[in-house]
Amino acid sequence: MAAALSIASQDRLCAWAAALGAATILVCVLGELAGPVRLPAEHDHDHGAGAPVQYFTPPAKPASPSPAIAEASPQVPTASPEVVAATAPLAVVPVTAMPALVPVTALRPVKSAAAPRAALSAPPSAERFVPDMPGDFPDPPYPRWARQQGVQGRLLVLVDVAASGAPSSVAVRESSGHPSLDQHAIDWLRQQWTWAPGAPRRFLVPLIFELQ
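Take the sequence shown: its position 184, counted from the start at 1, is 185 in the working numbering, and no numbers get skipped.
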């Protein structure tokens, strides 16, 4: 028990000594930072009125050489001159209006017959058709759909007639403006019209579809 108390006493003494040493070091450091310290006035009275007053001056601390810092001058980037590409002026091309295209209606090819080639030679010119020619020429009926839609028109049909009197080729020379009406007229002439037998002929047949 006595040994334990002795060890505890030694530990307390060591702790007090360490605290006292730390306090002493702290006072020295503060003294160096604060500069000269004047002793309190009570000490002057203790040593007598005529005793000179002494001031504690800490020793001068040699200044540590500071490394030379080279001031880096900022480098200003040199702006490169802007290169402007020269653009050649565009040539102005005058716009020429295109001529209007005229639709061309191709004639149907002449169908070959059993007769010799010499007999199928077409006449050099076309005759104007007249209804009193010998043959059978019934009027084409007005299409029902054309009546319902109010479609009207005039067309000119070129008909090649074989030696037998039957149409060998039927084609539109001038359209009515309605392809369906043109086709109706061509089919009717090819199937229903016949001329009197004779030499090959060619006729221009005008047809009028007009609502009454």
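Note that beta-carbon positions come from the ideal geometry of N, C-alpha and C, so glycine has one too.
Do G178 and G199 count as a contact pair if the criterion is CB distance below 8 Å? no
What residue does the beta strand (DSSP E) around P161 start on, and which one ends it? Note on identity: in this sequence residue 161 is Asp, with Pro being the wrong assignment. Segment 154-162, the beta strand (DSSP E) holding D161.
4 or more residues per run - each alpha helix (DSSP H) lying fully within the stretch 166-207: 180-193
Per DSSP, what are the beta-bridge partners of G22 in this structure? Partner(s): none; G22 has no beta bridge.
Determine the closest residue to A163 out of I26, R203, P180, P144, with distance taken between C-alpha atoms. R203
Option in T25, A23, L208 with minimal Cα separation from R129: L208
N- and C-terminal bounds of the alpha helix (DSSP H) containing Q150: 145-150
Measuring only the C-alpha atoms, how far is W189 from D137? 12 Å
Where does D140 sit, in a helix, a strand or coil, going by DSSP? coil
Compare the Cα-Cα distances from S176 to each of I187, R148, A167, G166 and report the closest residue. I187
Please confirm whether V206 and V158 have their CB atoms less than 8 Å apart. yes
Using only CA atoms, which one of D12, L14, L27, Q193 lies nearest to P142? Q193
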